[in-house]
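Asks: Residue 104 in UniProt numbering sits at position 104 of the sequence shown, with consecutive numbering throughout.
We treat Cβ as the ideally placed atom computed from N, Cα and C, and that holds for glycine.
Quantities reported herein were computed from a predicted structural model and do not represent experimental measurements.
I am attaching a structure below and will ask some questions about it afterwards.
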Amino acid sequence: MIRHPFGELSLGQTGISSGRTMTETDVVNFCMLTGNWLELHSNVEHAKSSLYGQRLVQGSLVFSIVNAMIPFDSSVLAAFYGCDKLRFLRPTFINDTLWARTEIIDLKDHDERHGVVTSKLEGINQRDETVLRCEFSLLIRKSRLDRPGEPAKIRAAHDKTQGQSA
């Protein structure tokens, strides 16, 4: 949803991602990757007697996936700058489908080549519940990078789609 250089963005611009279902495979792979084998995530029998009666998707996995669902143009994205006020408002269960929703809430000049764009980021599930909310900041270039090595037809397609969304 950030597809333009810093100077072309404005407060209030919004975006919504496609949906993505959180799977058993996601949870098990994340357990393997992080070593987070808490029984709330990995033990069906234990989770049956927990607050929600079933296993939860790890909060850090939910955050990782929701922020990655936001489409970016790599010719303007310089770096992830930070995250503030991260809250998990509702649990995410295996087989829940999530969407990312963003709204630009702050634009700050950083240096001669970059600005910081802060968006309210929300993860919304299929029950229309907000499961995650935070302020998500990115360092955005003021000028696009050239796309070295990109074939002419691809470059032309990129140039044609610029201006169609934030």
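#1: Compute the Euclidean distance between the alpha carbons of G12 and Y81, then round it to the nearest angstrom.
#2: Can you name the start and end residues of the beta strand (DSSP E) that T14 belongs to?
#3: Select from H46, I140, T130, L9 the residue whose C-alpha is nearest the C-alpha of H110.
#4: Can you list, in chain order, the residues of its chain with a C-beta nearer than 7 Å to that of V44? Leave out the 5 residues immediately preceding and following it.
#5: Look at M22 and L98 and say whether their C-beta atoms are less than 8 Å apart.
#6: Tell me where the alpha helix (DSSP H) around D26 begins and ends.
#7: By DSSP, does L11 sit in helix, in strand, or in coil?
#8: Might you give, ordered along the chain, the residues of its own chain that have their beta carbon closer than 6 Å to the beta carbon of R90, omitting 5 neighbours on each side?
#9: Can you give the Cα-Cα distance for N67 and Y52, rounded to whole angstroms?
#10: Bridge partners for I104 per DSSP, in chain order?
#11: Secondary structure at R155, three-state DSSP: helix, strand or coil?
#12: Look at the Cβ atom of H114, then the Cβ atom of A78, and state whether they are nearer than 8 Å.
#13: Can you check whether the CB of T102 is closer than 8 Å to the CB of G7?
#14: Note the first and the last residue of the continuous alpha helix (DSSP H) segment covering F93.
#15: DSSP three-state label for S49, please.
#16: From which residue to which residue does the beta strand (DSSP E) around L145 run?
#17: Closest to S17 by CA distance: which of L9, S42, S60, P71 is it?
Replies: In short:
#1: 20 Å
#2: 14-16
#3: I140
#4: R55
#5: yes
#6: 24-34
#7: coil
#8: E129, V131
#9: 25 Å
#10: S119
#11: helix
#12: yes
#13: no
#14: First-last for F93: undefined, no H or E at that position.
#15: coil
#16: Counting along the chain, L145 falls outside any beta strand (DSSP E), and DSSP gives it neither H nor E.
#17: P71
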